[in-house]
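Working notes, structure below.
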Amino acid sequence: MAQPKRRTSKMKKRLRRGAHKRPTPAVAICTACGEPTQPHRACRACGQYAGRQVATISVDD
């Protein structure tokens, strides 16, 4: 089995691993309440999606 001739330097190793970071999640603004939400999901603050109420949100005090 082939073996590397030289040790991989810290710089080369870190440059390669720098591309492995997780992408930041996309954020959309809810048209009803203005809260930031993930696209294509119901709003957690008001329960609306695509201009209609799809989830009931209860406030626990």
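What the sequence shown shows, in my numbering, is residues 48 to 108, in sequence order. Ideal Cβ placement from N, Cα and C applies to all residues, glycine included. Just so you know, these numbers come straight off a predicted model, no measurement behind them.
Tell me the rounded alpha-carbon separation between residue i and residue j.
i, j, result
"R69", "L62", "15 Å"
"A75", "D107", "26 Å"
"S56", "T71", "29 Å"
Taking all protein chains shown into account, decide if residue i is buried (16 or more other Cβ within 10 angstroms of its Cβ) or exposed.
i, result
"R84", "Here residue 84 turns out to be Thr, not Arg, going by the sequence shown. It counts as buried."
Is any beta-carbon of chain D found at less than 8 Å from that of residue i?
i, result
"Q95", "The structure shown contains no chain D, having only a single protein chain."
So, at 6 Å on beta carbons, what are the nonlocal neighbours of residue i in its own chain, with the 5 sequence-adjacent residues on each side left out?
i, result
"A102", "A89 and G94"
"P86", "A73 and A75"
Tell me which same chain residues have a C-beta within less than 8 Å of the C-beta of residue i, skipping the five on either side of it?
i, result
"C80", "C90, A92, C93 and Q95"
Leaving out five residues on either side along the sequence, give the residues of the same chain with a beta carbon under 7 Å from the beta carbon of residue i.
i, result
"Q100", "G94"
What residue from the options has the CA that sits closest to residue i's CA?
i, options, result
"A97", "I104, T78 and A66", "T78"
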